[in-house]
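>
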Amino acid sequence: MARWLPRSASLARFCQKLNRVKTLEDDMMETSFNRCLSTIDLTLLGIGGMVGSGLYVLTGTVAKEIAGPAVIISFIIAGFASLLAALCYAEFGARVPKTGSAYMFTYVSVGEIWAFLIGWNVLLEYMIGGAAVARAWSGYLDSIFNHKIKNFTETHVGTWQVPFLARYPDFLAAAILLVATAFISFGAKVSSWLNHVFSAISMGVILFILIMGFVLAQPKNWSAQEGGFAPYGLSGVMAGTATCFYAFVGFDVIAASSEEARNPQRAVPRAIAFSLGLATGAYILVSVVLTLMVPWHTLDPDSALADAFYRRGYAWAGFLVAAGSICAMNTVLLSNLFSLPRIVYAMAEDGLFFQVFSRVHPRTQVPVVGIVVFGLLMALLALVFDLEALVQFLSIGTLLAYTFVAASIIVLRFQQQKVDAPAPAAGGRPSPEPHEGPSASELKEYESFSDKLQLVDRDKSKEHREPGQLKAAFEPYLEFLSDFYPGEVVTVAVVTLMVSAICLCSILVFGNTHLHLPTWSYSLLLVLFSLGFLLSLLLIWAHEQQRGTQTFQIPLVPLSPALSIILNIYLMLKLSSMTWLRFAVWLLVGLLVYFGYGIWHSKENLREPGPQRVTARYVVFPSGSLEERVQAVQPSSQPAAGLPDADTEDCKR
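In full-length UniProt numbering, the protein residues as written are 1 to 653.
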């Protein structure tokens, strides 16, 4: 039996490695990047990331093939779900003004392996986003020239008949990505200036589309003769919502750029709110005018808006829309190429990804290696892959990142703020850990568990409660939870909440279709998993959370993040099985990278102390709160110079 103990200890240490969290620097404003971006810069960067191919391509694709005119409802639901996620990003971006976005937020609150997987998926998200936009850019430019570029390529190069691959290689899409990569390499100020120019043109084109579109609107296009407002029903609306998430991934660019913001505590939340509000309004209004101008089933998915104006007899307007949409897509390309290398940089800087990507050019102050390498990868994706397959793949990575960021907000809000203990004086004993409670001279220590049990009847109604501790009002009813470390119960409750949400959404999505559950079992499972979700939520709410921070905080925690979690999971389950299969393959590749490189080169390895003999002591504050502290002591056989033997010290206490 004893021979298994070392293996158990090794397994425990291995699990600790997987779940270790990132240690943040004391001065989080210190950076090797250039803090030069204002609130306006970040807002336009977010608008540029969201209002591009999603507006000019997805509106037509989802309307024709998935939801019909009810694409409007799909964008409203997607905008609401994105708002919940955006608020979580805003709080994290203000509290942790470091590049890395969802990867960084997960690393500082949940654990290393989860952060790596989120970062790995965010990399794919940005690569696919850039490639999909480049193909849309190419398609719109081709439509201006009456598809002559496409016909020339198919005639002289040939076509492919392979699933998930494009019909022909898109050399134009690859070329624009290479040009954008070159501009991004010149630095943040050059990228921001280009984004301002293209964003101004894009917003002017959107205003033209709305004014001209409402003039040409025909309400009969929503009538039953044309298929009605929601021809694919509620299922089509929700499936369209999952795809429409592609339109709102741009606000993540703002969080990824927080390390280059002048005042991230104020600029990041404001920029996210402004950009998401403007983008959501634009998507809804453009969807209205598009489906009212022409019947939804006659839309051209590749260039819906320009084609709609052409068919209504306004060729000059269609040309203007196509030219303006190209400018809008340029902003999306810049946003993706701007953010992706910075997330790679954050992972490489932490040691989880190859170190070469952590190099910052001394003159331009940008991660030029990451920009060049991933710009080339984007160009390769745009050259060979189909737009629709790319968009479906993009949604699942985005939704997963939103889910983990929402869970991280709950965990972080109920954690005690970490304060570094002062170094012990030479020749003296270690000083007590700092806390916001009574002074060290007021502490009482209890060496036995029986002493701990004698404190049960102590009146604790007036004591100061730390984040993660049970609220005093609930202690008479949930007294058995008082013995856990602060935040421990909340972490378990978050895991239970996510498991309940997965089960509940699985029953909603697959219960009647794939599982063919009878009505009684379908209803019973819905009730059970709903109760599990609600009880987990109530258990989290019964604990104290951090209050009075100087930065932005999302309201209604834990309700708001919980709603974001369950909505994101539901939308993920609405995606196709092939999307999940490709996603699983990508995750397996990521795990190979992590266990082959990341776990061994992580900088948190350098901060881990060597094995020490430890003893546990119970430290009781006069107010009655209790915490267990683990303190390393010198082995009794080799007492340190100037220090008494540890066992003798225990006896004195």
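Think of the CB as a built atom: it goes at the ideal place given N, C-alpha and C, for glycine as much as any other residue.
Computed from a predicted model, the values in this text were never measured in an experiment.
Report the three-state DSSP secondary structure of residue 516 (helix, strand or coil).
As a working note, residue 516 is residue 516 in the sequence shown. Three-state DSSP puts residue 516 in coil, outside helix and strand.
> Indicate the three-state DSSP secondary structure (helix, strand or coil) for residue 75 in the structure shown.
In the sequence shown, counting from the first residue as 1, residue 75 sits at position 75. Of the three classes helix, strand and coil, the one that applies to residue 75 here is helix, per DSSP.
> Just curious, the alpha helix (DSSP H) that residue 488 is in, first and last residue?
Mapped onto the sequence shown, residue 488 falls at position 488. Residues 488-510.
> By DSSP's criteria, residue 261 is part of a beta bridge. Which residues make up the other side?
Locating residue 261 in the sequence shown gives position 261, where the first residue counts as 1. According to DSSP, which records beta bridges pairwise, residue 261 is partnered with 37.
> Applying the 10 Å Cβ sphere with the 16-neighbour rule, what's the burial state of residue 341?
Residue mapping note: residue 341 aligns to position 341 of the sequence shown, counting from 1. So residue 341 ends up on the buried side.
> Is the region 351-362 in contact with the region 237-247, if contact means three or more CB pairs nearer than 8 Å?
The answer is no - the region 237-247 does not touch the region 351-362, with fewer than three Cβ pairs under 8 Å.
> Please determine, among 279, 318, 190 and 174, the residue with the shortest C-alpha to C-alpha distance to residue 212.
Walking along the sequence shown from the start, residue 212 turns up at place 212. Selected option, being the one with the closest Cα: 318.
> Closest Cβ-Cβ distance between residue 601 and chain B: below 8 Å?
No chain B appears in the structure shown, which is made up of a single protein chain.
> Could you have a look at residue 385 and say whether DSSP puts it in helix, strand or coil?
Your numbering for residue 385 matches position 385 in the sequence shown. Looking at residue 385 - three-state DSSP - the assignment turns out to be strand.
> Measure the C-alpha to C-alpha separation of residue 496 and residue 155 and round it to an integer number of angstroms.
The count along the sequence shown starts at 1 and reaches residue 496 at position 496. The count along the sequence shown starts at 1 and reaches residue 155 at position 155. So the alpha carbons of these two residues sit roughly 57 Å apart.
> Are there 16 or more other CB atoms within 10 angstroms of the CB of residue 244, so buried, or fewer, so exposed?
Against the sequence shown, residue 244 aligns to sequence position 244. So residue 244 ends up on the buried side.
> Taking the alpha-carbon positions, what's the residue 422 to residue 108 distance?
The residue you call residue 422 lines up with position 422 of the sequence shown. The residue you call residue 108 lines up with position 108 of the sequence shown. With a pLDDT of only 41 at residue 422, under the threshold of 50, the placement of this residue in the model should not be trusted; the figure read from the coordinates follows. Those two C-alpha atoms are separated by around 22 Å.
> Helix, strand or coil for residue 147, going by three-state DSSP, please let me know.
For this step, residue 147 is matched to residue 147 along the sequence shown. Reduced to three states, the DSSP call for residue 147 is coil.
> Could you give the DSSP three-state label for residue 525: helix, strand or coil?
Position 525 of the sequence shown, counting from 1, holds the residue named residue 525. The answer is helix: DSSP assigns residue 525 an H, G or I state.
> Can you tell me which residues form a DSSP beta bridge with residue 361?
Within the sequence shown, residue 361 is the residue found at index 361, counting from 1. Residue 361 is not bridged to any residue.
> Just checking, does the region 329-344 make contact with the region 45-57 on the three C-beta pairs under 8 Å criterion?
They touch, by the three-pair rule.
> Can you tell which of 68, 508, 145 and 99 has its C-alpha closest to the C-alpha of residue 306?
Here residue 306 refers to the residue found at position 306 when the sequence shown is read from its first residue. Closest by alpha carbon: 145.
> Kindly indicate which residue of 73, 338 and 45 has the alpha-carbon position closest to the one of residue 365.
Within the sequence shown, the letter at position 365 stands for residue 365. The shortest C-alpha separation from residue 365 is found at 338.
> For a test of the three-state rule: what should DSSP assign to residue 24, helix, strand or coil?
Taking the sequence shown and counting its residues from 1, the one referred to as residue 24 is at position 24. Note: residue 24 maps to coil in three-state DSSP.
> Once the 5 residues before and after residue 454 are set aside, which same chain residues still bring their CB inside 8 Å of it?
On the sequence shown, residue 454 is found 454 positions in, with the first residue counted as 1. At residue 454 the pLDDT is 47, less than 50, meaning the model places this residue with poor confidence and gives no usable figure here.
> Compute the Euclidean distance between the alpha carbons of residue 232 and residue 258, then round it to the nearest angstrom.
Here residue 232 refers to the residue found at position 232 when the sequence shown is read from its first residue. Here residue 258 refers to the residue found at position 258 when the sequence shown is read from its first residue. Going from the Cα of residue 232 to the Cα of residue 258 covers about 41 Å.
> Rounded to a whole number of angstroms, what is the C-alpha to C-alpha distance between residue 20 and residue 110?
Here residue 20 is taken as the residue at index 20 of the sequence shown, counted from 1. Here residue 110 is taken as the residue at index 110 of the sequence shown, counted from 1. When rounded, the distance between both Cα atoms is 8 Å.
> Decide if residue 550 is buried, meaning its Cβ has at least 16 other Cβ atoms within 10 Å, or exposed.
For the purposes of this step, residue 550 is taken as residue 550 along the sequence shown, with counting starting at 1. Residue 550 should be labelled exposed.
> Let's see if you can read the secondary structure: which residues bound the alpha helix (DSSP H) around residue 197?
Mapped onto the sequence shown, residue 197 falls at position 197. Run containing residue 197: 188-215, per the alpha helix (DSSP H) assignment.
> Going by DSSP, which residues form a beta bridge with residue 470?
Taking the sequence shown and counting its residues from 1, the one referred to as residue 470 is at position 470. According to DSSP, residue 470 bridges with 543.
> Here's a check: name, in chain order, each residue in its chain whose Cβ is nearer than 8 Å to the Cβ of residue 62, leaving out the five neighbours to either side.
Residue 62 sits at position 62 when you count from the first residue of the sequence shown. Within the same chain, residue 62 has close Cβ partners 71, 74, 240, 243 and 244.
> So the alpha helix (DSSP H) residue 482 belongs to, where does it begin and stop?
Mapped onto the sequence shown, residue 482 falls at position 482. Run containing residue 482: none; DSSP gives neither H nor E here.
> Please state whether the Cβ-Cβ distance between residue 90 and residue 264 is less than 8 Å.
Taking the sequence shown and counting its residues from 1, the one referred to as residue 90 is at position 90. Taking the sequence shown and counting its residues from 1, the one referred to as residue 264 is at position 264. No, these two residues do not count as a Cβ contact at 8 Å.
> What do you reckon, are the CB atoms on residue 138 and residue 172 nearer than 8 Å?
Sequence index remark: in the sequence shown, residue 138 carries index 138 (1-based). Sequence index remark: in the sequence shown, residue 172 carries index 172 (1-based). For residue 138 and residue 172, yes; Cβs fall inside 8 Å.
> Are three or more beta carbon pairs between the region 581-600 and the region 114-125 nearer than 8 Å?
Touching, per the Cβ criterion.
> Closest to residue 23 by C-alpha separation, out of 321, 350, 135 and 253, would be which residue?
Sequence index remark: in the sequence shown, residue 23 carries index 23 (1-based). The shortest C-alpha separation from residue 23 is found at 350.
> Taking the alpha helix (DSSP H) that residue 583 belongs to, which residues open and close that run?
Translated into positions along the sequence shown, residue 583 becomes position 583. Residue 583 -> alpha helix (DSSP H) spans 577-593.
> Just verifying my parser: in three-state terms, what is the DSSP assignment at residue 165?
In the sequence shown, residue 165 corresponds to position 165, counting from 1. Residue 165 falls in the strand class under three-state DSSP.
> What does the alpha-carbon distance come out to for the pair residue 59 and residue 29?
Position 59 of the sequence shown holds residue 59. Position 29 of the sequence shown holds residue 29. Cα-Cα distance, rounded: 40 Å.
> Suppose the cutoff is 6 Å on Cβ atoms and the five residues either side in sequence are ignored; what does the same chain contact list for residue 403 look like?
Taking the first residue of the sequence shown as position 1, residue 403 is located at position 403. So the list reads 565 and 568, once near-sequence residues are dropped.
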